[in-house]
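Colleague: Please find one structure pasted underneath; my questions will follow.
Residue numbers (this note's numbering): 2 to 409.
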């Protein structure tokens with residue numbers, strides 16, 4: 002549903018915080034802020050204190066003569082301006098920020114915008130999707146709607162079979178995995194439109210079936226010795242080191258996701274019961290994990306002698322002013338991978354989730370039931386956990402047949 006109207010200054014503050022939360026570069030966000038300051042002054046000159054699509058279009062027309070046909074490649078600063086205004090519009094309308102955006106017209110017909118707003122609400126409430134998933138779905142749906150607008154359609158009721166088939170043809174240049182993702186998202190959107198009577202025909206049946214024949218990749222893991230080297234590489238004699246050690250130890254022994262590490266609050270630490278209790282950012286499911294002795298003391302050391310003095314309730318903070326919560330742990334891990342001389346490969350993942358993979362494999366080696374491992378990792382579906390069976394070498398050996406089995 003459409004978000005409550007905020008003043009432009011409130012909207013700018015909100016989306017700035019959201020961009021940093023999403024991990025946008027500190028070099029990128031200030032570029033948007035320069036545009037937003039100009040937009041705020043422009044809005045004031047027009048006697049407006051709230052964002053509207055019409056105001057955004059007029060601002061871009063006066064600032065960079067957009068939309069227009071550029072003879073050469075669309076200038077970088079112009080793209081930044083369009084993107085900055087689109088971020089405000091998306092957040093005001095849908096409450097999310099799409100990570101990628103092609104240069105595009107700002108304002109599809111209201112009938113289409115209404116469908117997107119309700120689809121966002123449907124994705125959160127009925128599908129239980131995480132913000133990142135909804136973000137990706139909206140990006141694909143907007144692509145689909147841009148195609149419909151390019152064919153002079155102004156309402157969902159105008160969609161016909163030939164439009165669906167023609168839209169599919171525009172996707173064939175994508176690799177198979179991405180093509181399948183687009184098709185399934187558009188299928189979900191068309192089902193939604195039929196269920197809520199935006200359309201009267203079950204158009205999703207005209208989309209092709211996409212079969213995923215890819216082999217599941219074996220998860221990348223680090224050995225117990227490599228994890229110990231990683232932890233030993235941290236200099237715990239300085240504030241950042243105390244923070245980083247606590248983070249790495251929590252992920253290595255409890256398997257928290259990056260998003261949950263960044264969103265942990267002081268109130269999530271139950272010292273009376275020695276538990277860490279929080280609601281997962283991705284699945285929105287509550288989790289209670291043991292606060293092991295070494296983790297507890299690492300956190301205490303950080304709180305007493307490392308954490309910046311701040312009123313923030315978030316546990317792990319940035320150590321440069323302004324003191325705000327962490328938005329990513331990727332750079333932290335890369336620093337200690339280099340110090341520990343742990344080899345990484347460009348074509349294989351090497352983010353914090355590898356510590357989750359490694360924890361799962363160690364638990365399998367200790368013959369912990371996969372249902373328990375699934376709960377520890379916070380998986381909604383046990384099928385996600387079964388991927389780790391491929392790297393349980395000792396378990397696989399037990400399944401091996403004798404070479405003489407079946408005859409001489």
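In this text, a Cβ means the ideal position worked out from N, Cα and C, and glycines have one as well. Predicted model only: the values in this text are computed from it and were never measured.
Within its chain, find whatever has a CB closer than 7 Å to the CB of residue 112; leave out the 5 residues flanking it on each side and keep chain order.
Modeller: Excluding sequence neighbours, residue 112 sits near 155, 156, 157.
Colleague: Start and end of the beta strand (DSSP E) containing residue 279?
Modeller: Run containing residue 279: 276-280, per the beta strand (DSSP E) assignment.
Colleague: For residue 439, list the residues DSSP reports as bridge partners.
Modeller: There is no way to answer for residue 439, as the model of the chain reaches only from 2 to 409.
Colleague: Considering residue 61, what are the terminal residues of the alpha helix (DSSP H) in which it resides?
Modeller: Taken as a continuous stretch (DSSP letters only), the alpha helix (DSSP H) holding residue 61 covers 54-65.
Colleague: Given this structure, state the Cα-to-Cα distance separating residue 199 from residue 175, to the nearest angstrom.
Modeller: So the alpha carbons of these two residues sit roughly 29 Å apart.
Colleague: Here's the rule I'm using: 16 or more other beta-carbon atoms within 10 Å means buried, otherwise exposed. How should residue 359 be labelled?
Modeller: By the 10 Å Cβ count, residue 359 comes out buried.
Colleague: Give the secondary structure of residue 291 by DSSP, where H, G and I count as helix, E and B as strand, and everything else as coil.
Modeller: In the structure shown, residue 291 sits in a strand (DSSP, three-state: E or B).
Colleague: Can you tell me which of the three DSSP states residue 34 falls into?
Modeller: It is helical.
Colleague: For the alpha helix (DSSP H) holding residue 195, just list the boundary residues, first then last.
Modeller: Residue 195 -> alpha helix (DSSP H) spans 177-196.
Colleague: Residue range of the alpha helix (DSSP H) that residue 27 falls in?
Modeller: Where residue 27 is concerned, there is no enclosing alpha helix (DSSP H), given that its DSSP letter is neither H nor E.
Colleague: Output needed for residue 231: all residues of its chain with C-beta closer than 6 Å, excluding positions within five of it in sequence on either side, in chain order.
Modeller: Excluding positions up to five away in sequence, the list reads 337, 341.
Colleague: Decide if the segment 268-283 is in contact with the segment 244-259; the criterion is three or more beta carbon pairs, one per stretch, under 8 Å apart.
Modeller: Touching, yes.
Colleague: Could you tell me the distance, in whole angstroms, from the CA atom of residue 179 to the CA atom of residue 186?
Modeller: Residue 179 and residue 186: Cα-Cα distance of roughly 11 Å.
Colleague: Could you pull out every unbroken alpha helix (DSSP H) segment of at least 4 residues lying fully inside the segment 215-274, listed in chain order?
Modeller: Counting only runs of 4 or more, we get 225-233, 240-255, 259-264.
Colleague: Looking only at C-alpha atoms, which of 138, 194, 17 sits nearest to residue 159?
Modeller: It is 194.
Colleague: So, is residue 41 buried or exposed, given that buried needs 16 or more other C-beta atoms within 10 angstroms?
Modeller: Classification of residue 41: buried, given that the 10 Å Cβ count is 16 or more.
Colleague: Which one or two residues does DSSP pair with residue 205 in a beta bridge?
Modeller: DSSP lists no partner for residue 205.
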